[in-house]
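**Student:** Note that the UniProt record's numbering has the sequence shown beginning at 10, numbered continuously upward. Backbone N, C-alpha and C fix where the C-beta goes; we use that ideal spot for every residue, glycine too. Right, I'll just put the structure down here and ask away after.
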Amino acid sequence: NHGIGVLTSGGDSQGMNAAVRAVVRETLRQGHRCYLVREGYTGLITGNIDQATWEHVANVTHLGGSMIGTSRCDEFRTTDGRKKAAKIMFDRRIFHLIVIGGDGSLMGAQKLKEEWGRFGEELFAEGKITEEVANEGRELHLAGIVGSIDNDCIESDKSIGSDTALHRICEAIDGLVMTAQSHQRVFVVEVMGRHCGYLALTAAIAVEADYVFYPEIPPDDKWPEQLCHQLESVRKYGKRQNVIILGEGVTNSKGMKIGGKQVKEEIETRLGLEVRIATLGHLQRGGAPTFLDRLLGLRMGHEAVLEVLKTTEDVGSPIAGQKTVAQVMCLRGHNIERNELSRVIRQTETANEEMQQRNYD
Ligand code: F6P
10 NHGIGVLTSG
20 GDSQGMNAAV
30 RAVVRETLRQ
40 GHRCYLVREG
50 YTGLITGNID
60 QATWEHVANV
70 THLGGSMIGT
80 SRCDEFRTTD
90 GRKKAAKIMF
100 DRRIFHLIVI
110 GGDGSLMGAQ
120 KLKEEWGRFG
130 EELFAEGKIT
140 EEVANEGREL
150 HLAGIVGSID
160 NDCIESDKSI
170 GSDTALHRIC
180 EAIDGLVMTA
190 QSHQRVFVVE
200 VMGRHCGYLA
210 LTAAIAVEAD
220 YVFYPEIPPD
230 DKWPEQLCHQ
240 LESVRKYGKR
250 QNVIILGEGV
260 TNSKGMKIGG
270 KQVKEEIETR
280 LGLEVRIATL
290 GHLQRGGAPT
300 FLDRLLGLRM
310 GHEAVLEVLK
320 TTEDVGSPIA
330 GQKTVAQVMC
340 LRGHNIERNE
350 LSRVIRQTET
360 ANEEMQQRNY
370 D
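See below:
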């Protein structure tokens with residue numbers, strides 16, 4: 010009988026509850042213990058952990074947010090913080106962990122895994138855990154699930170929450186278009202996504218926007234002329250409104266953030282059009298998850314349980330003593346595939362660094 014902990018970390022995303030439900034139900038179905046770690050890594054450090062029952066996760070799939078709470082936990086970024094978390098896990102005999110979150114959260118999980126053996130030895134040497142517990146928990150069985158509206162995991166076609174966020178963006182812009190049309194206005198719509206332009210770019214296509222700014226291809230210094238030329242040309246053939254999507258994290262050639270106010274001023278000065286800014290903010294993370302995010306959450310939660318239990322068998326097999334390798338659940342086409350977590354983290358870091366480098370060159 011194993012103890013499997015599940016937590017959500019970083020920004021919440023719609024569909025996380027479905028993933029938590031699948032983790033709990035599959036764990037219990039297989040006769041193991043499941044633990045809900047509250048408020049992300051903060052709960053792992055403070056011991057804010059409840060043993061899950063079958064009923065805990067009834068009627069949750071349709072709910073947005075994270076039913077077990079989430080946080081951006083600074084203490085877990087430190088070795089001391091992670092060691093405190095390990096101590097709590099040894100005390101509760103939780104040697105299997107499923108982390109649902111974005112790249113920063115998964116990176117924290119990978120660090121805990123790498124330090125786990127050392128933490129176990131130290132805790133035993135300090136007399137904080139018994140030899141029996143140290144032996145039982147010699148391995149941390151870890152699996153990651155990408156839960157983030159940003160869809161910025163390099164190996165996964167979709168992260169949990171990005172589909173719903175796109176629905177929210179489309180709904181909001183559909184709502185803006187008619188008022189824009191009545192007043193012949195331009196709307197600059199600011200969308201989230203951090204360093205990733207997926208939300209901005211795909212939403213722009215879906216709402217027939219006239220212009221999109223996204224971080225992967227930063228605008229050159231001539232963007233005000235290009236943008237205004239584009240607006241003029243579509244107005245010429247009778248268009249009464251314009252939507253411009255401005256992704257978060259878009260910078261100019263000097264690495265300075267381009268904000269909605271700047272875009273508005275350029276258009277008003279150059280074209281004399283009336284411009285309004287709509288910042289969609291956390292509405293993008295709100296509301297009920299779409300069918301796709303529910304299904305994705307459920308499938309990934311289920312696969313993550315199979316994954317952490319599979320690595321348990323590896324340790325008990327002739328290759329016992331070998332370190333297990335943490336995997337992250339990724340969507341590839343219609344299939345859920347596993348990818349080595351440390352490699353995915355490295356690739357994402359490199360891609361972000363290369364993008365920043367390119368943008369400043
Ligand atoms: O990572 C998800 C995300 O919504 C990003 O798109 C955004 O930059 C950030 O989180 C906002 O964070 P917070 O909710 O802490 O303001």
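May I ask you to list the residues that DSSP assigns as paired with S75?
**Tutor:** Partner(s): none; S75 has no beta bridge.
**Student:** Is G74 a contact residue of the ligand F6P, with contact defined as CB to any heavy atom under 6 Å?
**Tutor:** No, the Cβ of G74 stays beyond 6 Å of every heavy atom of the ligand F6P.
**Student:** Counting along the chain, where does the alpha helix (DSSP H) carrying L45 start and finish?
**Tutor:** Run containing L45: none in the alpha helix (DSSP H); it sits in the beta strand (DSSP E), R42 to V46.
**Student:** Distance check for R91 and S18, CA to CA, integer angstroms please.
**Tutor:** Straight-line Cα distance between these residues: approximately 14 Å.
**Student:** Taking 6 Å as the limit between beta carbons, can you name the residues of its chain near V314, skipping five residues before and five after?
**Tutor:** Within the same chain, V314 has close Cβ partners V32, E35 and T36.
**Student:** Nearest to V108 by CA position, among K319, V155 and G74, is which residue?
**Tutor:** Comparing Cα positions, the closest option is V155.
**Student:** Ignore the nearest five residues each way along the sequence and tell me which others in M364's own chain have a CB closer than 8 Å to its CB.
**Tutor:** Closer than 8 Å at Cβ, skipping near neighbours: H204, P224 and E225.
**Student:** Secondary structure at G126, three-state DSSP: helix, strand or coil?
**Tutor:** If DSSP states are grouped into helix, strand and coil, G126 belongs with the helices.
**Student:** What does the alpha-carbon distance come out to for the pair G269 and V197?
**Tutor:** If I take the Cα positions, the gap works out to 6 Å.
**Student:** Quick check: does the Cβ of G247 come within less than 6 Å of any heavy atom belonging to the ligand F6P?
**Tutor:** No, the ligand F6P has no heavy atom inside 6 Å of this Cβ.
**Student:** Where in the segment 294–346 do unbroken runs of the alpha helix (DSSP H), each at least 4 residues long, occur, reported from the N-terminal end onward?
**Tutor:** Correct list: 300–325.
**Student:** Give the DSSP-derived three-state secondary structure of S114 in the structure shown.
**Tutor:** Helix, per DSSP.
**Student:** Return the chain-ordered list of same chain residues with a C-beta closer than 8 Å to the C-beta of Y44, the five sequence neighbours on each side being excluded.
**Tutor:** Within the same chain, Y44 has close Cβ partners G12, I13, G14, V15, I58, D59, Q60, A61, R101 and I103.
**Student:** Three or more C-beta pairs under 8 Å: does that hold for the segment 260–279 against the segment 158–166?
**Tutor:** Contact fails: fewer than three Cβ-Cβ distances are below 8 Å.
**Student:** Beta carbon of I253, beta carbon of Y207: below 7 Å?
**Tutor:** It is not a contact, given that the beta carbons lie outside the stated cut-off.
**Student:** Given residue 375, which residues of its chain have a CB within under 6 Å of its CB, disregarding the five upstream and five downstream residues?
**Tutor:** Look at the range of the chain in this structure, 10 to 370, and you will see that residue 375 is not part of it.
**Student:** T173 to L305, Cα distance in whole Å?
**Tutor:** Answer to the nearest angstrom: the Cα atoms are 11 Å apart.
**Student:** Report the residue ranges of all alpha helix (DSSP H) runs contained in full by the segment 197–231; include only those spanning at least 4 residues, in chain order.
**Tutor:** 207–215, all fully within the segment 197–231.
**Student:** Is any heavy atom of the ligand F6P found at a distance shorter than 6 Å from the C-beta of R102?
**Tutor:** For the ligand F6P, not one heavy atom lies less than 6 Å from the Cβ of R102.
**Student:** Mapping the DSSP letters down to three states, classify N251 as helix, strand or coil.
**Tutor:** Looking at N251 - three-state DSSP - the assignment turns out to be strand.
**Student:** So, do the segment 161–181 and the segment 239–250 have three or more beta carbon pairs nearer to each other than 8 Å?
**Tutor:** Output reads no: the segment 239–250 does not touch the segment 161–181.
**Student:** Taking buried to mean at least 16 other C-beta atoms within 10 Å of its own C-beta, is Q293 buried or exposed?
**Tutor:** Buried is the call here.
**Student:** Among Q235, V200 and Q250, which one has its Cα closest to the Cα of M187?
**Tutor:** Of Q235, V200 and Q250, the residue nearest in Cα terms is Q250.
**Student:** By the three-class DSSP mapping on this structure, what secondary structure does K266 have?
**Tutor:** Note: K266 maps to strand in three-state DSSP.
**Student:** Using 10 angstroms around the beta-carbon of F222, count the other beta-carbons present and answer buried if the total reaches 16, otherwise exposed.
**Tutor:** Classification of F222: buried, given that the 10 Å Cβ count is 16 or more.
**Student:** Report buried or exposed for H238, applying the criterion of at least 16 other Cβ atoms within 10 angstroms of its Cβ.
**Tutor:** By the 10 Å Cβ count, H238 comes out exposed.
**Student:** Mind reading off the beta-carbon distance from E199 to T288? Whole number of angstroms is fine, and I expect it under 8 Å.
**Tutor:** Right, their Cβ atoms sit about 4 Å apart.
**Student:** Output needed for S22: all residues of its chain with C-beta closer than 6 Å, excluding positions within five of it in sequence on either side, in chain order.
**Tutor:** Contacts found: G156, S157, I158, I169 and G170.
**Student:** With 16 as the cutoff for other CB atoms within 10 Å, does S114 come out buried or exposed?
**Tutor:** By the 10 Å Cβ count, S114 comes out buried.
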